[in-house]
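Here the structure comes first, spelled out in structure tokens, and everything after it is commentary.
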């Protein structure tokens, strides 16, 4: 009976795969993704959200979204809260813009609903085509570099300085040395092709941290009181949405809504294309099979995530690992969901992971996102300047929206100056208009 059920649900034979191979592929992707259970609660605690609740919410939404993707779209994709978007959520929206986190969750939920409507009506495909590629690349790299910087900062590897603004933490500090070791070790594991390299590096550094002093009489990693435990119901973060804020401050939060919509549109699209092409799963016309259902599963996660207390949910690029191991169907995604069920009960182990142990994983994620630069012709200044302004200004001003704004303005002005104004898409003009409004509104907010 079992194989027949699996065959009926996932069409394994048509995909040229076996149940065994799909299970192994699912475990491979899960091992590469599970770092989000360590990292996401740590990032969201920047927004003043409860870490234990966040951990449960992260696992629950990964279970629901991955299982939905497998059963609805029959694709081997793992979904979980997106590290990049969550950095924007916690650091940009809550810390810098001062949006209270319940309101910020409502904003994410709202973008999920808009994204679902755009998906079902088919507008999404038209919008995605109109976004200039240099800005897409610039935004992706900006998010990657932001993740990298926040990782280094949380570990104390990069610290503030009066003369140079930023500098390296003292090498005499054990925390900095542990991070330093991790930054050398983790890329080496990736280069050696070790499966689950990121979670292995997180585990190794967490273990090492048990023996490294923190300079305050304790150790960097604290011993867990227990290994297994019943999950904490995320009452501190679930069902706290505050939608009223959006209506009172619409123009102030509009650019963030646009940012989340852009990352939903292009991030998910880029990941889907990248993973499907790695597995030779694209249709003859270059499109992703069941793309609309895949986007709907993604949007459903982003609508439900904030209800439980996490921000944007996305397809993880790590899914490419399972695809490279031969995974081809939604059974992979269902196996990933079961992995997160196990993580729910092992939460005391994830709670002791120190920031020094997750930094190298974040740096590697940032570096992988930087790879998008190869899509640009850097000799063409009308491509290079907007992309590089987008990511450099985003990082140097610690504000993603500044980068998006300058990138968009330079793109429009340079194309007009080069006599190519007819080539500027309505999407780009629209983005320029939104960013202009954002600058005017945020100037008003600062006075």
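Residue numbers (our numbering): 77 to 523.
No residue lacks a Cβ here, since even glycine has one placed at the ideal position from N, Cα and C.
Just so we're clear, the structure is a prediction, and the values are computed from it rather than from any experiment.
Sufficient close CB pairs (3 or more, under 8 Å) joining the segment 386-404 to the segment 109-127 | yes
Counting only runs that start and end within the segment 331-389, where is the alpha helix (DSSP H) found for 4 or more residues in a row?
-> For secondary structure counted as the alpha helix (DSSP H) over 4 or more consecutive residues, the segment 331-389 holds these complete runs in sequence order: 344-354 and 367-384.
Kindly indicate which residue of 138, 146 and 338 has the alpha-carbon position closest to the one of residue 405.
-> Position 329 of the chain shown, counting from 1, holds the residue named residue 405. Comparing Cα positions, the closest option is 146.
Across which residues does DSSP place residue 114 in a beta bridge pair?
-> One-based indexing of the chain shown puts residue 114 at position 38. Answer is none; residue 114 lacks a bridge partner.
Does DSSP put residue 242 in a helix, a strand or coil?
-> In the chain shown, counting from the first residue as 1, residue 242 sits at position 166. For residue 242, the secondary structure class from DSSP, reduced to helix, strand or coil, is strand.
Compute the distance between the beta-carbons of residue 480 and residue 466, then report whether it is under 8 Å.
-> As a working mapping, residue 480 is identified with position 404 in the chain shown. As a working mapping, residue 466 is identified with position 390 in the chain shown. Against a cut-off of 8 Å, the Cβ pair of residue 466 and residue 480 comes out as a contact.
Rounded to a whole number of angstroms, what is the C-alpha to C-alpha distance between residue 523 and residue 273?
-> Numbered from its first residue, the chain shown carries residue 523 at position 447. Numbered from its first residue, the chain shown carries residue 273 at position 197. Low confidence applies to residue 523: its pLDDT is 43, below 50, so where it sits in the model is not reliable, and the reading given next is rough at best. Near 48 Å, if we compare the C-alpha coordinates of residue 273 and residue 523.
Beta strand (DSSP E) segment containing residue 157, residue limits = Mapped onto the chain shown, residue 157 falls at position 81. That run of the beta strand (DSSP E) goes 155-157.
Return the Cβ separation of residue 428 and residue 297 in integer angstroms, given the expectation that the two are a contact with Cβ distance under 8 Å.
-> For this step, residue 428 is matched to residue 352 along the chain shown. For this step, residue 297 is matched to residue 221 along the chain shown. So it is a contact: roughly 6 Å between Cβ atoms.
First and last residue of the uninterrupted beta strand (DSSP E) at residue 475 | Locating residue 475 in the chain shown gives position 399, counting from the first residue. It is not in any beta strand (DSSP E) - residue 475 carries neither H nor E in the DSSP assignment.
In chain order, which continuous runs of the alpha helix (DSSP H) of length 4 or greater are located wholly inside the segment 452-518?
-> 457-472 and 476-493
Three-state secondary structure (DSSP) at residue 285?
-> Along the chain shown, one-based indexing puts residue 285 at 209. Reduced to three states, the DSSP call for residue 285 is helix.
Enumerated in chain order, which unbroken segments of the beta strand (DSSP E) with a length of 3 residues or greater are wholly contained in the segment 380-438?
-> 389-391
Please confirm whether residue 255 and residue 432 have their CB atoms less than 8 Å apart.
-> As a working mapping, residue 255 is identified with position 179 in the chain shown. As a working mapping, residue 432 is identified with position 356 in the chain shown. Yes.
Three or more C-beta pairs below 8 Å linking the segment 443-461 and the segment 476-496 | yes
At least three beta-carbon pairs within less than 8 Å, the segment 366-380 to the segment 130-149 = yes
Would a C-beta distance cut-off of 8 Å place residue 102 and residue 364 closer than the cut-off?
-> Walking along the chain shown from the start, residue 102 turns up at place 26. Walking along the chain shown from the start, residue 364 turns up at place 288. The answer is no: Cβ separation not under 8 Å.
Beta-carbon separation (whole angstroms), residue 415 vs residue 130, contact threshold 8 Å = Along the chain shown, one-based indexing puts residue 415 at 339. Along the chain shown, one-based indexing puts residue 130 at 54. Actually they do not touch by this definition, with Cβ atoms about 18 Å apart.
How close, in whole Å, do the beta carbons of residue 435 and residue 230 come, if the pair is a contact with beta carbons under 8 Å?
-> The residue you call residue 435 lines up with position 359 of the chain shown. The residue you call residue 230 lines up with position 154 of the chain shown. With a Cβ gap of about 7 Å, residue 435 and residue 230 count as contacting.
Shortest alpha-carbon distance to residue 124 belongs to which of 181, 355, 508 and 322?
-> In the chain shown, counting from the first residue as 1, residue 124 sits at position 48. When only C-alpha atoms are compared, the closest one is 181.
Between residue 207 and residue 194, what straight-line distance do the alpha-carbon atoms span, to the nearest angstrom?
-> As a working mapping, residue 207 is identified with position 131 in the chain shown. As a working mapping, residue 194 is identified with position 118 in the chain shown. Residue 207 and residue 194: Cα-Cα distance of roughly 15 Å.
Between the segment 344-362 and the segment 316-327, do three or more beta carbon pairs fall short of 8 Å?
-> These segments do not touch.
Span separating the alpha-carbon of residue 242 from that of residue 176 = For the purposes of this step, residue 242 is identified with residue 166 of the chain shown, where counting begins at 1. For the purposes of this step, residue 176 is identified with residue 100 of the chain shown, where counting begins at 1. For residue 242 and residue 176, the distance between alpha carbons rounds to 28 Å.
Which residues in the same chain as residue 490 place their Cβ atom closer than 8 Å to its Cβ, once the five residues preceding and following it in sequence are excluded?
-> Numbered from its first residue, the chain shown carries residue 490 at position 414. Taken in chain order, the residues that qualify are 457, 458, 461 and 462.
Grab the span of the beta strand (DSSP E) containing residue 237 for me, first residue to last.
-> Along the chain shown, one-based indexing puts residue 237 at 161. Residue 237 -> beta strand (DSSP E) spans 234-237.
Cβ distance (whole Å) where residue 430 is taken to contact residue 285 below 8 Å | By one-based count along the chain shown, residue 430 stands at place 354. By one-based count along the chain shown, residue 285 stands at place 209. That belief holds up - the Cβ atoms of residue 430 and residue 285 are roughly 5 Å apart, short of 8 Å.
Residues bridged to residue 295 (per DSSP) | Here residue 295 corresponds to residue number 219 of the chain shown, with the count starting at 1. According to DSSP, residue 295 bridges with 289.
CB residue 108 to CB residue 275, shorter than 8 Å?
-> What you label residue 108 is simply residue 32 of the chain shown in a count that begins at 1. What you label residue 275 is simply residue 199 of the chain shown in a count that begins at 1. Taking 8 Å as the Cβ cut-off, residue 108 and residue 275 qualify as a contacting pair.
Would you report the Cα separation of residue 187 and residue 179, rounded to the nearest angstrom?
-> Taking the first residue of the chain shown as 1, we reach residue 187 at position 111. Taking the first residue of the chain shown as 1, we reach residue 179 at position 103. Answer to the nearest angstrom: the Cα atoms are 13 Å apart.
Does DSSP put residue 269 in a helix, in a strand, or in coil?
-> One-based indexing of the chain shown puts residue 269 at position 193. The answer is coil: DSSP assigns residue 269 none of H, G, I, E or B.
Beta-carbon gap between residue 222 and residue 437 smaller than 8 Å | To locate residue 222, count along the chain shown from 1; it is residue 146. To locate residue 437, count along the chain shown from 1; it is residue 361. No, these two residues do not count as a Cβ contact at 8 Å.
Whether residue 388 touches residue 184 by CB criterion (8 Å) | Working through the chain shown from its first residue, we reach residue 388 at position 312. Working through the chain shown from its first residue, we reach residue 184 at position 108. The answer is yes: Cβ separation under 8 Å.
Do you know offhand how far residue 282's Cα is from residue 299's?
-> On the chain shown, residue 282 is found 206 positions in, with the first residue counted as 1. On the chain shown, residue 299 is found 223 positions in, with the first residue counted as 1. Answer to the nearest angstrom: the Cα atoms are 10 Å apart.
Work out the CA separation of residue 148 and residue 411 for me, nearest whole Å.
-> Residue numbering aside, residue 411 sits at position 335 when the chain shown is read from its first letter. Residue numbering aside, residue 148 sits at position 72 when the chain shown is read from its first letter. Rounded to whole angstroms, residue 411 to residue 148 spans 15 Å at the Cα level.
Residue 186 lies in the alpha helix (DSSP H); which residues open and close that run?
-> Residue mapping note: residue 186 aligns to position 110 of the chain shown, counting from 1. Where residue 186 is concerned, the enclosing alpha helix (DSSP H) stretches over 177-197.
Leaving out five residues on either side along the sequence, give the residues of the same chain with a beta carbon under 8 Å from the beta carbon of residue 81.
-> Reading the chain shown from its first residue, position 5 is the one you call residue 81. Excluding positions up to five away in sequence, the list is empty.
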